[in-house]
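Engineer: Attaching a single structure in structure tokens format; questions to follow.
Chains as they are written, first to last, in the numbering used here: chain A, 4 to 202; chain B, 1326 to 1805.
Quick look at the structure:
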């Protein structure tokens, strides 16, 4: 996985709450057997609407998505994360994420930055009044920044320490776990015999 | 201080815990299907890794499979490629697979319990958010993403941050005709879709204890719809009765040892949960959704709410958007909403008990003009059991379509989809925009409401139907 330290890019205001993963990528787009090529499915239903934010310049070149609470609820499909990444997003900012989506983001290298709802409101206002404005997410200092002068926004975001460390180091989770092989073997030896097996 | 049921199961599975790192949990059962596994197997291949414990892994085909002509090659080439990829991966990595056409094929969350593989005190994961279903047996079961699927395949473990604990205590008794589905829809309307976020939830209290295992699975199934990581129910005599004699349940002395362990799986009396919700089942009524998330629901006897009724600004906007998408006017009585398609099936309500209940209401009646009723068994064995009991004949005589097993219209990944603007009453779990087909409008309902709605063509309960004399008694057999 690539290291993530800091990213600056065009902010995209998605003024919606409860954006479930079926909205991020509908089931019809989940049939690919690779991790790429999902960008066409990203917000597929909404992208039929010419006024949808990603159909408007300069938002279409955005890389930091700013969404309302409960982003990524519902289906566990990691394709939602891949679709955002395949499109070009590096970070999503929201006051609350679906658990599985947040976990998937951390594994796949998309930054899910949890901020106060007021910060999202201010970012929305800024990004709508100044289309193309940049947002910076800094994982080392856990801060989000946007705007200049009196409109400047700077606040902290939440991410759990372990995910932050893994993203900063670009570490492969499976590799870390396999370094604990001896402990897994010891645990396996202690499992009761009544536990079921499939073979 | 004592421990909650969830904490007991958690602690039994900690392989390693260290300061500043999540617990490494051992996974007792890993369920796999065709949609969320191909990239995980590819990851193993690229890294030169094996499946560590194929003997704790089980694959089936459910999300993408057709429910018509299921005995022929899959017509959609992209779906076929995905299913064939699973078959190749299962063979290459030595994983047991129940493919389309196999007697044990079916929705992954239906076949685990049906085989007896889902047992109390286990950790169960699957690349599917409705894995919470298995919590009905007192297992800690949750959905994971594809990177985690790869992690479990490679290591049979998962690093997991310890969740908070919550109790949902449901007192009283559900009134006649009110089901587990109504109970959980009522709960989600109360909490909202994010109310359970960060929690593992234990459902308890007299109304939960009174539910059948099937009803408990329906409740646990929808835990994720209010954001909970998992939902579980302490095992009791009903759990043991359900499991005893199933193909993959322990036998003989192993059974006795397992039961002795399972009986320890209760929350200790002196436990304080991080959060508790208390509900009264006796006030519950048939409950349906009007909007585009499972928390946007009302009693069937109520009307479509107005966005002005919501205090929270976000809820107000969400209600406006939902009404627009659903093509509904505030103030319309829910009972006057006309439905084009009724779907009975899914991991929420696709078990034999659900089909019996639907058949009991449908028998001798007919599906309304311009309404279609799709009945999709949750597994091949549920289909065969229903056919043994003659339920398929009842459905077909009423004008319903009787299909093969799979996820079907719950997520519309196969050809079973709503057309744009088409409205459904669905026993499934999600009413998200486009969930059942692009532009489709979904009302989540219980099985009795689905059946009555199919007959009347508008959202209805069995009490709305004309009396029908020749009711047959519901058969009592198990699903196997």
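All residues carry an ideal CB built from backbone N, CA and C; glycine is no exception.
Hey, out of B/1391, B/1674, B/1378 and B/1365, whose CA is closest to residue 1731 of chain B's CA?
Structural biologist: Here residue 1731 of chain B refers to the residue found at position 406 when the second chain is read from its first residue. With distances taken between Cα atoms, residue 1731 of chain B lies closest to B/1391.
Engineer: With 7 Å as the limit, tell me which residues of the stretch 39-63 of chain A have their beta carbon closer than that to any beta carbon of chain B; keep them in chain order.
Structural biologist: So the close ones are 48.
Engineer: To be precise: take each residue of the stretch 1586-1599 of chain B, compare its Cβ to all Cβ atoms of chain A, and keep it if any distance is under 8 Å. Which residues remain?
Structural biologist: Residues passing the 8 Å Cβ filter: 1586.
Engineer: At 8 Å on the CB atoms, spell out the chain B contacts of residue 165 of chain A, in chain order.
Structural biologist: For the purposes of this step, residue 165 of chain A is taken as the residue at position 162 of the first chain. Here the neighbours are 1345, 1346, 1347, 1484 and 1486.
Engineer: Once you ignore the five residues that flank residue 1522 of chain B on each side, which residues in its own chain have a CB closer than 6 Å to its CB?
Structural biologist: The sequence position of residue 1522 of chain B within the second chain is 197, counting from 1. Only 1552 meet the Cβ criterion.
Engineer: Could you check if residue 1438 of chain B is buried or exposed, using at least 16 other CB atoms within 10 Å of its CB as the buried criterion?
Structural biologist: The residue labelled residue 1438 of chain B in the question sits at position 113 within the second chain. Answer is buried; the Cβ neighbour count reaches 16.
Engineer: When we look at the beta-carbon of residue 1511 of chain B and count the other beta-carbons within 10 Å, is it buried (16 or more) or exposed?
Structural biologist: Position 186 of the second chain, counting from 1, holds the residue named residue 1511 of chain B. Per the 10 Å Cβ criterion, buried.
Engineer: Is it a yes or a no for the stretch 1634-1643 of chain B touching the stretch 1529-1547 of chain B, going by three-plus beta-carbon pairs under 8 Å?
Structural biologist: No, the stretch 1634-1643 of chain B does not touch the stretch 1529-1547 of chain B.
Engineer: Can you list the residues of chain A that residue 1476 of chain B reaches, using a CB-CB cut of under 9 Å?
Structural biologist: Your numbering for residue 1476 of chain B matches position 151 in the second chain. By Cβ distance, chain A contributes 110, 176, 177 and 180.
Engineer: Rounded to whole angstroms, what's the CA-CA distance from residue 1734 of chain B to residue 1461 of chain B? Just pull it up for me.
Structural biologist: Within the second chain, numbered from 1, the residue matching residue 1734 of chain B stands at position 409. Within the second chain, numbered from 1, the residue matching residue 1461 of chain B stands at position 136. Those two C-alpha atoms are separated by around 24 Å.
Engineer: Can you pull out the residues from the stretch 74-99 of chain A whose beta carbon lies closer than 7 Å to at least one beta carbon of chain B?
Structural biologist: Per Cβ criterion, the list reads 76, 77, 78, 79, 80, 81 and 99.
Engineer: Would you mind telling me which residues of chain B sit closer than 8 Å to residue 36 of chain A, beta carbon to beta carbon, in chain order?
Structural biologist: For the purposes of this step, residue 36 of chain A is taken as residue 33 along the first chain, with counting starting at 1. Result: 1363, 1364, 1367, 1406, 1407 and 1410.
Engineer: Starting from the beta carbon of residue 1757 of chain B, find every residue of chain A whose beta carbon is closer than 7 Å, and list them in chain order.
Structural biologist: Numbered from its first residue, the second chain carries residue 1757 of chain B at position 432. Chain A residues near residue 1757 of chain B: 23, 25, 26 and 77.
Engineer: For residue 56 of chain A versus residue 96 of chain A, is the C-beta distance shorter than 8 Å?
Structural biologist: For this step, residue 56 of chain A is matched to residue 53 along the first chain. For this step, residue 96 of chain A is matched to residue 93 along the first chain. Contact flag unset, no.
Engineer: Can you list, in chain order, the stretches of the beta strand (DSSP E) that have 3 or more residues and sit fully within the stretch 1553-1638 of chain B?
Structural biologist: With a minimum length of 3 residues, the continuous beta strand (DSSP E) runs that stay inside the stretch 1553-1638 of chain B are 1555-1557, 1600-1605, 1612-1614 and 1622-1624.
Engineer: With distances taken Cα to Cα, identify the nearest neighbour of residue 1435 of chain B among B/1509, B/1750 and B/1388.
Structural biologist: Locating residue 1435 of chain B in the second chain gives position 110, counting from the first residue. That would be B/1388, whose Cα lies nearest to the Cα of residue 1435 of chain B.
Engineer: Establish whether the CB of residue 1454 of chain B and some CB of chain A are separated by less than 8 Å.
Structural biologist: Locating residue 1454 of chain B in the second chain gives position 129, where the first residue counts as 1. It does; some Cβ of chain A falls within 8 Å.
Engineer: What separation, rounded to the nearest whole angstrom, lies between the Cα atoms of residue 194 of chain A and residue 1584 of chain B?
Structural biologist: Counting from one through the first chain, the residue named residue 194 of chain A turns up at place 191. Counting from one through the second chain, the residue named residue 1584 of chain B turns up at place 259. Going from the Cα of residue 194 of chain A to the Cα of residue 1584 of chain B covers about 15 Å.
Engineer: Against residue 1341 of chain B, what residues of chain A qualify as contacts under a CB-to-CB distance less than 7 Å, listed in chain order?
Structural biologist: Here residue 1341 of chain B is taken as the residue at index 16 of the second chain, counted from 1. Result: 183 and 186.
Engineer: Considering only heavy atoms of the ligand MG, does any lie closer than 7 Å to the CB of residue 1505 of chain B?
Structural biologist: This structure does not include the ligand MG; it has no bound ligands of any sort.
Engineer: Going along chain A in order, which residues have a C-beta closer than 7 Å to the C-beta of residue 1760 of chain B?
Structural biologist: Along the second chain, one-based indexing puts residue 1760 of chain B at 435. Residues of chain A passing the Cβ test: 25.
Engineer: Counting C-beta neighbours from all protein chains within 10 Å, is the total for residue 88 of chain A 16 or more, i.e. buried, or is it exposed?
Structural biologist: In the first chain, residue 88 of chain A corresponds to position 85, counting from 1. By the neighbour-count rule (16 or more Cβ atoms within 10 Å), residue 88 of chain A is buried.
Engineer: How is the alpha helix (DSSP H) around residue 1484 of chain B delimited, first residue to last?
Structural biologist: Translated into the one-based positions of the second chain, residue 1484 of chain B becomes position 159. Here residue 1484 of chain B belongs to no alpha helix (DSSP H); instead the beta strand (DSSP E) covers 1482-1485.
Engineer: Let me make sure I understand the geometry here. Which of B/1527, B/1697 and B/1572 has the alpha-carbon closest to that of residue 1442 of chain B?
Structural biologist: Here residue 1442 of chain B refers to the residue found at position 117 of the second chain. The residue with the shortest Cα to Cα distance from residue 1442 of chain B is B/1572.
Engineer: Any beta-carbon of chain A closer than 8 Å to the one on residue 1721 of chain B?
Structural biologist: Position 396 of the second chain, counted from the first residue, corresponds to residue 1721 of chain B. Not closer than 8 Å to any Cβ of chain A, the Cβ of residue 1721 of chain B fails to qualify, so no.
Engineer: Looking only at its chain, what residues have a beta carbon closer than 6 Å to the beta carbon of residue 1796 of chain B, apart from the 5 residues adjacent to it on each side?
Structural biologist: As a working mapping, residue 1796 of chain B is identified with position 471 in the second chain. With a pLDDT of only 49 at residue 1796 of chain B, under the threshold of 50, the placement of this residue in the model should not be trusted; the figure read from the coordinates follows. Result list for residue 1796 of chain B: empty, nothing under 6 Å.
Engineer: Starting from residue 16 of chain A and walking both ways along the beta strand (DSSP E), at which residues does that stretch end?
Structural biologist: To locate residue 16 of chain A, count along the first chain from 1; it is residue 13. Where residue 16 of chain A is concerned, the enclosing beta strand (DSSP E) stretches over 9-17.
Engineer: Chain A beta carbons: is any one of them nearer than 8 Å to that of residue 1804 of chain B?
Structural biologist: As a first step, residue 1804 of chain B is located in the second chain; it is residue number 479 there, counting from the start. With a pLDDT of 48 at residue 1804 of chain B, under the threshold of 50, the modelled position of this residue cannot be trusted, and the question is left open.
Engineer: Closest Cβ-Cβ distance between residue 116 of chain A and chain B: below 8 Å?
Structural biologist: Here residue 116 of chain A is taken as the residue at index 113 of the first chain, counted from 1. No, residue 116 of chain A does not count as interfacial toward chain B.
Engineer: Shorter than 8 Å from the beta carbon of residue 1629 of chain B to some beta carbon of chain A?
Structural biologist: What you label residue 1629 of chain B is simply residue 304 of the second chain in a count that begins at 1. No, residue 1629 of chain B does not count as interfacial toward chain A.
Engineer: In the DSSP assignment, what are the bridge partners of residue 1496 of chain B?
Structural biologist: Here residue 1496 of chain B is taken as the residue at index 171 of the second chain, counted from 1. For residue 1496 of chain B, which the question treats as bridged, DSSP gives the partners B/1605.
Engineer: At what residues does the beta strand (DSSP E) containing residue 1748 of chain B begin and finish?
Structural biologist: In the second chain, the residue the question calls residue 1748 of chain B occupies position 423. Residues 1748-1751.
Engineer: Determine, using beta-carbon pairs with one atom in the stretch 1361-1371 of chain B and one in the stretch 1707-1715 of chain B, whether at least three such pairs fall under 8 Å.
Structural biologist: Short answer: they don't touch.
Engineer: Measure the C-alpha to C-alpha separation of residue 1616 of chain B and residue 1713 of chain B and round it to an integer number of angstroms.
Structural biologist: Here residue 1616 of chain B corresponds to residue number 291 of the second chain, with the count starting at 1. Here residue 1713 of chain B corresponds to residue number 388 of the second chain, with the count starting at 1. Between residue 1616 of chain B and residue 1713 of chain B, the C-alpha separation is close to 38 Å.
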